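For the sequence shown, UniProt numbering begins at 1 and goes up steadily by one.
Step one of this worksheet: look at the structure below.
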Amino acid sequence: MKNKSIPQAASPLASWLSYLENLHSKSIDLGLERVSQVAARLDILKPAPFVFTVAGTNGKGTTCRTLESVLIAAGYRVGVYSSPHLVRYTERVRVQGKELAESAHTASFAEIEAARGDISLTYF
């Protein structure tokens with residue numbers, strides 16, 4: 001990392017994104033072990049959520065929107081993560097069909113940063 005101080009939870013989203021983009025020496029470091037360790041520290045995997053992974057060349061956005069709508073209509077609480085974003089970073093996360101507010105993103109970043117300790121996570 002390039003010697004930057006950790007932003008506060010209330011810092012602007014742009015400050016957090018700049019910090020996160022420079023946090024890890026590699027932009028992509030494959031493997032889920034580190035993510036699993038931080039998730040365990042945050043105690044967010046109990047009960048384990050149902051996860052759908054949508055991959056491929058075409059139709060991912062439409063498939064996710066359709067699945068999201070069907071599950072919400074059936075009474076499920078639904079979250080969608082999509083990457084990359086088109087215009088705004090906040091497009092990446094939706095809960096119940098609505099984009100997460102910038103303040104919710106920065107609060108989450110602060111919580112994850114506090115929990116990760118010496119575990120290295122990439123922006124990817």
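Ideal placement from N, C-alpha and C gives every residue a C-beta, glycine not left out.
The structure displayed is predicted, hence computed values, not measured ones.
- Our two residues, R94 and K26, have alpha carbons roughly 27 angstroms apart in a direct line.
- Distance check between G97 and each of S5, T66, S83 places T66 closest, using alpha-carbon atoms only.
- For Y81, the enclosing beta strand (DSSP E) begins and ends at 79-81.
- Sequence-distant Cβ neighbours of V35 in its own chain, meaning closer than 8 angstroms and more than five residues away, are L121.
- In terms of Cβ geometry, T106 and W16 form a close pair [threshold 8 angstroms].
- The secondary-structure analysis by DSSP pairs V54 with nothing; it has no beta-bridge partner.
- Sequence-distant Cβ neighbours of R41 in its own chain, meaning closer than 7 angstroms and more than five residues away, are A115.
- For R94, there is no enclosing alpha helix (DSSP H); the enclosing beta strand (DSSP E) covers residues 93-95.
- Under the 10 Å beta carbon count, P47 is surrounded by fewer than 16 other beta carbons and is classified as exposed.
- When only Cα atoms are considered, Q8 and A110 end up about 7 angstroms apart.
- Residue nearest to V87 within the set A39, E99, A104 is E99 (criterion: CA-CA distance).
- In the three-state reduction of the DSSP assignment, K26 falls in the coil class, being assigned neither a helical nor a strand state.
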